[in-house]
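Protein chains in written order, with the numbering used here: chain L, 11 to 326; chain E, 1081 to 1333.
The following block contains the structure:
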């Protein structure tokens, strides 16, 4: 049984198709990142899984419970941190967390200690007595994340957990999400931030216009781009005429270009396997290598490869 | 049950901190009764004590107004993002809808405590049963109006302006074409025909019946009980069903 399983999941808003026959699974104990631009269907998927929205057609289950017929059971095993932290204008952070922890069944003996710990970790302790409407955007967002960190559900869902949060705050939130996984939760994170995805993901699912276009580990996604790794080679001698040809024949080489007399650039697949083979050839030919620099494709490149658009351009 | 009480208290705490809206309702009632009510009752000579009639009528109008806020609050919660949060909590849907209805009831009780006490003291000479029956009628009417407004609130998901316009027009018609401010026997035939379709006619006349007003100028209390019951049951049932369909089918935030 997968913690999350969807089959041909479709959601329509009028004539707009937010999700199109989505098949999606999540493995136990992993952090899965849903990566996609605004409007790609990430939030819709999360809202359906958390039973806030009903799908138009298709099936979805959470921990084996059907999201339509067993919705209360689904809500008992998951928690969701929403994209927008709103709606409790005249409550204080500590009251909101107490309410959330109590409703979600966090035992009384652990509740206060956990709330204090999380508020301090997320640097909200000093603001615990402020009204929600007086919090900054970043504080409100951290409070939204704090609800889930206090709840510690079996399945934790975060919708853009670090948007509006400064760099230091982002790191703290990401570390807490990783800790949640270490403590036994399965985690689903939706984001359009490449850094967030790279930091958190065990696996990444790329969504575009309601369709799953790829799903794998970050490394496998990068490796799946033919010629995506770039290896820059600098030789001691300037005359290395046959090296470009020899390297071009190596398995995994996409193309080789000569940048300068003693400088080659090779576009390869899986540089970690290609570089040792290159070293053997250099050794056999007696060519001395001065420097090797490997550049992997970024997640932006991965997104571009699978969707034909840059992530930033798609978001805008 | 503790979950429902906790949910109600969590929201209600906001209203009471400080209870400015509740006190304002009491102040408005006091001024309206002391100034307008007192003066108009001197003008009205065809009825023994119009002030008593007017006080009950104003409490009915307040009940309608407070009940009609429920639908608006519900939609505001949806737009503010609180509703998706509540829908994601591990609470069965029926408990959540019961909470919305009960919360409306508790707010109604708080807002009406002083106006109703003042009205009962003006009328005087009441038994506990008649006073309690009048209070129960007000709650029953409040539930019916809340249900009606919750049912209508699906319009607000499309356009808040349209919802406001419709509710304003509806409240104007429902209050004016009813027996809230004048008895049925006083109404011209065409107005009386329209008043027969207003739930406030049955609410206000039933409350007056329990408070000892002359039954000859009121609608039949059995018919009033039947109409109010049908209104509360049908609108709350319908709105619970509509809400489940609409809320879970609408994109949040």
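In this text, a Cβ means the ideal position worked out from N, Cα and C, and glycines have one as well. Values in this document were obtained by computation on a predicted structure and should not be read as measured data.
- Against chain L, the beta carbon of residue 1165 (chain E) has neighbours under 7 Å at 92 and 97, listed in chain order.
- Assigned with DSSP and collapsed to three states, residue 26 (chain L) falls in strand.
- Chain E has a Cβ within less than 8 Å of the Cβ of residue 101 (chain L).
- If you look at residue 147 (chain L), you'll find it in the alpha helix (DSSP H) that goes 147 to 161.
- By the criterion of a C-beta distance shorter than 8 Å, residue 1322 (chain E) is surrounded in its chain by 1230, 1231 and 1234, once the five residues flanking it on both sides are discounted.
- With contacts defined by Cβ atoms closer than 8 Å, residue 128 (chain L) and residue 150 (chain L) do not form a contacting pair.
- C-alpha of residue 110 (chain L) to C-alpha of residue 20 (chain L): approximately 30 Å in a straight line.
- Look at residue 128 (chain L): its C-beta is not under 8 Å from any C-beta on chain E.
- Assignment of beta-bridge partners to residue 16 (chain L) by DSSP yields L:34 and L:70.
- Taken through DSSP and simplified to helix, strand or coil, residue 259 (chain L) comes out as coil.
- Contact annotation for residue 142 (chain L) against chain E: no contact, minimum CB-CB distance about 10 Å [criterion: below 7 Å].
- Non-local C-beta neighbours of residue 1175 (chain E) in its own chain, meaning closer than 7 Å and more than five positions away in sequence, comprise 1083 and 1084, ordered along the chain.
- Proximity of chain E to residue 265 (chain L) at the Cβ level (cut-off 9 Å) is not reached, the minimal Cβ distance being about 46 Å.
- DSSP, reduced to helix, strand and coil, places residue 61 (chain L) outside both helices and strands of the structure shown, so it counts as coil.
- Boundaries cannot be given for residue 142 (chain L), as no beta strand (DSSP E) includes it and DSSP labels it neither H nor E.
- Between residue 1164 (chain E) and residue 1221 (chain E) the beta-carbon gap is near 31 Å, outside 8 Å, which marks them as no contact.
- If you compare the alpha carbons of L:123, L:275 and L:13 with that of residue 264 (chain L), the shortest gap goes to L:275.
- Under the DSSP assignment, residue 240 (chain L) falls in the beta strand (DSSP E) whose first and last residues are 239 to 245.
- Taking 8 Å as the CB threshold, residue 1151 (chain E) stays off the interface with chain L.
- Beta-bridge partners assigned by DSSP to residue 1181 (chain E): none are found.
- Distance check between residue 172 (chain L) and each of L:210, L:136 and L:135 places L:210 closest, using alpha-carbon atoms only.
- Neighbourhood of residue 30 (chain L) in chain E, by CB distance below 9 Å: empty, with the nearest CB roughly 16 Å away.
- The Cβ of residue 198 (chain L) sits no closer than 8 Å to any Cβ of chain E.
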